[in-house]
Amino acid sequence: MGNFRLSYTFKYTESKEYRPLAEKTILPAREREIETIFSMGNGYIGTRNSLEESYPISDPGSFIAGMYVRGPEDDFNFLVRIPDWTAIKIYVGDKLLNMKESTVLHHMRYIDFKNGTVVREWKNEDEEGRITSIKIIKYISLAEKHEFGKLLIINPENYSEEIRVITGINCDTADFRYLLNLNSEAGNFASVLMKTRYTDKRFALTHKSDFMSHCRGKIEKKGYDYSINNLFSGSYEKFQWYGEIGNTYLIKTLGCVFTSNDSGDPLNNALACCEKNKDNFFDASYVNHGNKWRERFRESRIKITGNAYDQKLVDFALYHLITAGEFSGNHYSIPARNLSGESYEGHVFWDAEMYLLPFYTYTKPEIARNLIMYRYNTLDGARQNAANEGYKGASFAWESTDSGLESAPEMTVLPNGEIIMIYSGKYENHLSSGIAYTVWKYWQATSDDEFTADYGAEILFETARFCASLLKKQDDGLYHINNIIGPDEYHECVDNNAYTNYMVKNNFDIAVKTYEWMKSKFPEKLAKLKEKINLEDNEAEDWREFKENIYSGYNPQTKLFEQFKGYYELENIDLKDYEPRSVPMDVILGREKTANSQVIKQADVLMFMMLFGERFSKEQLIANYDFYEKKCGHGSSLSPGIHSLIAARAGKMRDAYRYFLQNAGIDIGNSFGNAAGGIHIASLGGVWMSIVMGFAGMYPVDNGLIFDPELPEEWEKIEFPLKWRNQQLKIVINHDETRFYISGDKEINLSVGFDNWKKIIPGNEYIAVKANQKWKWKEGVYERESAAAS
Amino acid sequence: MKGKVLLPLDGSEASLKAFIPAKSIAEMLDLNLIILHISDEEFSDDRLLEKLNISKEGLKCFIIRQKKGVPETVIPEEARGCNYIVMGTHGKTCDESSRMGSTAAAVVEASDTPVLLIKPGADLHIKDGRWTPHKTLIPLNGTPGSAESLDPAMDILAKTDSEVDILHICGTREEEEGMEGEYSAPYYEDYPQHEWNSWAKEFVKRFFPEIKKHFKTRLSLSHGDPGEEILNFSRKNKNDFIAIVWHGTMQHLRAQTLKRLIFECSCPLLLIKLKN
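Listed below in C-alpha cells is the structure:
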C-alpha cells in the first residue's frame, strides 16, 4: 500500500522517509505499554492506541479532559474512562480477522511524523489462505478540538469474497460504575450519549463513515450495504460488500466529541460537527489536522545532527508534548499521565507548571497562558484549601482536578500491606510558589501585560499571602517555614526546606514587583483587585520585608545550601552499594530508614538552582551538584531530566548525557515498568528542558535570553526554534559556534555566556564563537544562512 | 482422552501422605488416578491396595500400574502424558533430615510433568476425605514465561474457592535484563498512592490477562532473598499450598530458592517447569 486518493480531490501521501519508533512485534506482555507510547490526543480528548479488534491483552480507553467523576464512596474526583472510538472488526466471509488465529505476515505500528497520525499496517493470512492487507490511520485533530478521525484501507490480495466491516464506538470500555448510557439514536450516525451517574455531566460521541472503492484506477462510492446498529454495548456502522482481488477499499471516519461543559446539547453539537463539511467530512478534517500538525511540529522541532537514536527520543517527546497541549488549559490542565491512561486518575500535579510550562512558554506561549488560566480558574478552590488548613491566600491543590480543591488522599496501602499516611496534600506547599514563578516566567517571555494585570497579579498576590501565613519569625530574626515537604518527598515534615524557602522568597519578590508595576501602570485594575481580594497596602510592605529575611540554609564557606535544617546530621548512605537495583530506595531501605538518611528522592536544592540558574555562580552550582547528586536515588521520574539539565550547566557532560538518555527512555525504553498506565508527560517536558535549558544553556531573564551552550560529544549540532516576546528565534549550536536568527518586528537582547549582551535586530543572523571555553560574539551582522533560516 | 494423575507409592507411610491430594486433584479435574507401584514382585490389585493401605471404597477412575525397575527412571517414563505427578518427598528410606529422598529429587528434575510434593509431616486441609487448598501462594519473578507456565496450578485453583496470594519479589536490574516483557516493581515511584495501584493492575493484566474473575487474588511485593521472602510470607499469611515455576535443574548452586522451600516449607508444593 502506498499513496491513495482519499477522494476525488485529495491524495493521501504516505510518509516513507521518517518512521521513528516503528513497533513491529506483538508481545502480549508489553501491549499496554505500546498502547501508551502510540497514544493520541489534543489536550481535550486522549485515546490509547489499542489494537482495533481488541484482545484480552488490550486495555483500550479514551478520556475527555475535565470529565471528572466522584461516587458516594469516593474521597476525590477522578477522570472517567469513556467509550472507545477506535473499534474496528473486519470479517472475510464469516471469519473475523484476528491475529490469534491467523498467520501475521507483517505487522507494524508507528507515528507518522509527516501527517501527525498513528499508523498500523497488518498483513494477515487466515486459516483458508486468504491474504488481506490492512492499514489503519488514526488521529485526534489538532485543528478542531472536538474531532477525531480514522481511515481503514483494506486490500484483498489473493481472493474475492464478501467483506464486512463493523466500525464504531465501543461502550464496553467505559466505566459504567460512574456512567449511564442514554443509548441515543441519531439518524445515519453511530452515536453515544452518556451522563455521569452521580452528577449531571453529559457527553456525546458521534461517528460517521464513508465507503470508497478503488477498482482499476476508478473511484466508486457504491456497491455496498450499510446499516447502523445501536446497542447498549456500543454504536456501530456496518459496511458489507463483495471484495474483489487486487482492489482497494477505504472506510473514512470522522468522529466528534462534545460535553455539557462545551454546550447544553452535546449530542446535537457533535452531530453538527460531523456534518459541517457535508460529504467532504473526513477529508477536510484530515487535511486540516495534517496542516496544523506540520505547523506545530515546525514550531517545536529540535533537530539533532549526529545521533539518529537521540533524534527519535526527542521526536517522541515532541509528539506527546505537542498533542497534549493544543487544547488544554482554562478549565482543565495536563494530568500527570496526560490523557493516555488512568494512572494518577487524571490528577494534575506540580509537573504541569515546572516541567511542561517551559516547553509551551518558549514555543507556543498561547498554550502556556491557557494552562496558567487553569490555575486562575481554580483559585477559589485554592483559597478554600488554604482556609481549610488555617492559612490565608490561595494554596493550589497538590492533586488538582476541576474544582481546585485538594484531591490527594490522606493515606494509602502499600503492596506489603503497610498503611502509610500521605502528607503531600497537606504539607507540600511549594506548589503555589511554583505556579507564581511560572506566571512571572510567562510574563517575562511574552510581555503579556494584560494577562498579568487581569489574571496573573491575582495569583501572585494570593500565593504571596499564603506564603506569608506559612512564615514564623524566630529568635534569629529570620523567617522560618517549619513542618513542610520539599520536592524530596523522602523527608516529610521538615523545617526550612531550602527549595520551599527560596520559592517563597521569590513569590514575595515578584508579588511586590507586580504590585508596584500595577500601581504605576494599571492603578484602576489594582484598586479593583484589591477590593476583590481585600488586599491591604501593608501586606505588600510585609512581603518586601519577608523576602529580605527568610532563612536560606546557605553556607558561604562550603557554598552549599542545606536541604533542610538537620539534613547534614542524617546517616550518609552510599547508593553505589545498592546498585544495580530495580526498585526505588525507599522500598529497599524502608520508609523510616530512608527518612533518617541523606538519600533523596529527586532534585531539591538542585531544582531551585536550576529555576534561578542565572543567580548562582558555576562554583556554587558545582559544589551543590557534587554534594547532592550522589545522594539522589532518583525515586521520581521527574529526577533524571533535571539532573541532565543541571549537569550540563555545570559542565559535567558525561552525567548530563547519561541522565538525558535515562529520562528520555522512561516510557519508550520499557525500562522502568510503569508506562502502561500512561505517558510520563512531565519527563517528556524534561527532555525539551534538558536540551534547550541544559545543553543549549538557555537562561530566560528579565533583560532577555542568555545562552551558554555545551553539547555532548555524541551530538554534532542541534537546532531549534524559540519564541521570545513575540519574536521568532532560530538557534543553531555546534561545539564551537552558535548562530542566532530572529524574525519579527522587535529587537531583543541576547547574551552568549553571562554579561555579554547584544541587541539582536530582526532579519539578521548573529554568530557567537567559543574560544578558551568562553563564548564571544563574532563581530558584524551576517546574511541569513539558508540552513538556519529554513 | 481423559487426563491422568500419577501417584507413585512404595508402601511407606511417607509416600502414602500423597494419596489424598492425588485423589482429590483427580476428582476435582475429572482425571484418572494412576497408582504406580514399582517392585520386582507382582501383586494382585486387591493385594497391592491392601499392601499400600488404600481402601477401594470411594476411589473412582483409578488404574493400578505395576512396574519393575528403578523408580528414578520408571516414574518419569510413566509420567509422560500425565497432567500431574503427586508424590511424597520421602519414601521407605525416609530421612527427614534431608530435603527430599533421592527418588523424589530425581523425578522432579527428570520429568517435565508438574510435581506436587507432599512432605511426611505436611499440613493438609482435608475435609470429607478431600484435600483442597484455601490460601494459595504463587511467587512470580515477573517474567512472562513463569506466568504462562502456571496453567496447571490455575486449573486446580479454578476448582476451589482458595484465595490466591501472588508474591512478586523484586530482583536487581542486572538479574532482570534480557527478556522482553519482563516486569518488576517500578523503578520510579512518584506517588505511592497512585503508583502501586497502577503497578498491580498492570502486573495482573500482564501475567493473568484472562484470570478467572472468581479468584480472590491479592498481589504483594517484597524485596530480598526470594527463598527467605517466600517462607516468611507463607508463614505470616498461613498459606496452605504453594505453586512455583522453576527452571528445571537442581545442579549445584542452581534452584537455591526451590531447594530451600522444599526443605523448610510444610505445605504441599507444586513445582512447574518453565515452558520453553
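Top to bottom, those sequences are chains C and A.
Take the first sequence: its letters are residues 1 to 790, numbered as in our numbering.
Take the second sequence: its letters are residues 791 to 1066, numbered as in our numbering.
Don't be surprised by glycine CBs; every beta carbon is placed ideally from N, CA and C.
Remember, it's a predicted structure, so these values are computed and weren't measured experimentally.
Measuring only between beta-carbons, confirm whether residue i sits less than 8 Å from chain A.
{"i": "T412/C", "result": "yes"}
{"i": "N338/C", "result": "no"}
{"i": "Y344/C", "result": "yes"}
{"i": "V687/C", "result": "no"}
{"i": "I588/C", "result": "yes"}
{"i": "G61/C", "result": "no"}
{"i": "S582/C", "result": "yes"}
{"i": "A676/C", "result": "yes"}
Counting only C-beta atoms, is residue i closer than 8 Å to chain C at any point?
{"i": "K995/A", "result": "yes"}
{"i": "L1064/A", "result": "no"}
{"i": "D951/A", "result": "no"}
{"i": "A975/A", "result": "yes"}
{"i": "P982/A", "result": "yes"}
{"i": "A948/A", "result": "no"}
{"i": "P934/A", "result": "yes"}
{"i": "A895/A", "result": "no"}
{"i": "S939/A", "result": "no"}
{"i": "R992/A", "result": "A quick correction: the sequence has Glu, not Arg, at residue 992/A. Closer than 8 Å to some Cβ of chain C, the Cβ of E992/A qualifies, so yes."}
{"i": "S1056/A", "result": "no"}
{"i": "S988/A", "result": "yes"}
{"i": "Y978/A", "result": "yes"}
Reducing DSSP to helix, strand and coil, say where residue i ends up.
{"i": "E220/C", "result": "strand"}
{"i": "T259/C", "result": "strand"}
{"i": "E737/C", "result": "strand"}
{"i": "M1040/A", "result": "coil"}
{"i": "G46/C", "result": "strand"}
{"i": "S184/C", "result": "coil"}
{"i": "L661/C", "result": "helix"}
{"i": "N501/C", "result": "helix"}
{"i": "N555/C", "result": "strand"}
{"i": "V314/C", "result": "helix"}
{"i": "S62/C", "result": "strand"}
{"i": "K1028/A", "result": "coil"}
{"i": "Y68/C", "result": "strand"}
{"i": "G651/C", "result": "coil"}
Does the beta-carbon of residue i have 16 or more other beta-carbons within 10 angstroms, so that it is buried, or is it exposed?
{"i": "F232/C", "result": "exposed"}
{"i": "D800/A", "result": "buried"}
{"i": "N501/C", "result": "buried"}
{"i": "C939/A", "result": "For clarity, residue 939/A is Ser in the given sequence; the question names Cys instead. With 16 or more Cβ atoms within 10 Å of its Cβ, S939/A is classed as buried."}
{"i": "P358/C", "result": "buried"}
{"i": "R48/C", "result": "buried"}
{"i": "Y309/C", "result": "exposed"}
{"i": "S520/C", "result": "exposed"}
{"i": "S690/C", "result": "buried"}
{"i": "E592/C", "result": "exposed"}
{"i": "D902/A", "result": "exposed"}
{"i": "C215/C", "result": "exposed"}
Interfacial residues, the segment 71-84 of chain C to chain A, with Cβ spacing under 7 Å: With the criterion set as a beta carbon lying under 7 Å from some beta carbon of chain A, the segment 71-84 of chain C has no members that meet it.
Going along the chain, which residues of the segment 1004-1022 of chain A sit with their C-beta nearer than 8 Å to a C-beta in chain C? Near chain C, meaning a CB-to-CB distance below 8 Å, the residues of the segment 1004-1022 of chain A are L1009, S1010, L1011, S1012 and H1013.
Count Cβ pairs between the segment 511-529 of chain C and the segment 578-585 of chain C that sit closer than 8 Å; are there 3 or more? Counting C-beta pairs closer than 8 Å gives fewer than three between the segment 511-529 of chain C and the segment 578-585 of chain C, which falls short of the contact rule.
Looking at C-beta atoms only, is the number of pairs between the segment 428-440 of chain C and the segment 456-468 of chain C that lie closer than 8 Å three or more? The answer is yes - the segment 456-468 of chain C touches the segment 428-440 of chain C, with three or more Cβ pairs under 8 Å.
Can you give me, in chain order, the residues of the segment 850-869 of chain A that have a beta carbon less than 9 Å from any beta carbon in chain C? Listed by position along the chain: nothing, the set is empty.
So if I threshold CB-CB distances at 7 Å, which residues from the segment 32-53 of chain C count as touching chain A? Residues R32.
Evaluate contact between the segment 758-777 of chain C and the segment 734-748 of chain C, counting only Cβ atoms and requiring at least three cross-stretch pairs below 8 Å. Contact between the segment 758-777 of chain C and the segment 734-748 of chain C is established, with three or more Cβ pairs separated by less than 8 Å.
Under 9 Å, CB to CB, which of the residues in the segment 403-430 of chain C have a partner in chain A? Those residues of the segment 403-430 of chain C that come within reach of chain A (Cβ to Cβ, closer than 9 Å) are A408, P409, M411, T412, V413, L414, P415, N416, G417, I420, I422 and S424.
Does the contact criterion of 3 or more C-beta pairs under 8 Å hold for the segment 854-861 of chain A versus the segment 1012-1021 of chain A? No, the segment 854-861 of chain A is not in contact with the segment 1012-1021 of chain A.
Using 8 Å as the Cβ pair cut-off and three pairs as the minimum, do the segment 920-934 of chain A and the segment 951-960 of chain A touch? Because the criterion of three Cβ pairs below 8 Å is met, the segment 920-934 of chain A and the segment 951-960 of chain A touch.
Inter-stretch contact at 8 Å, needing at least 3 Cβ pairs: the segment 300-314 of chain C / the segment 163-175 of chain C: The segment 300-314 of chain C vs the segment 163-175 of chain C: no contact.
Interfacial residues, the segment 277-310 of chain C to chain A, with Cβ spacing under 7 Å: Listed in chain order, the positions of the segment 277-310 of chain C with a beta carbon within less than 7 Å of a beta carbon of chain A would be empty, since no residue qualifies.
Would you check if the segment 80-98 of chain C and the segment 111-118 of chain C touch, i.e. whether three or more CB-CB distances between them fall below 8 Å? They do not touch, by the three-pair rule.
What residues in the segment 530-559 of chain C bring their beta carbon closer than 8 Å to a beta carbon of chain A? Listed by position along the chain: nothing, the set is empty.
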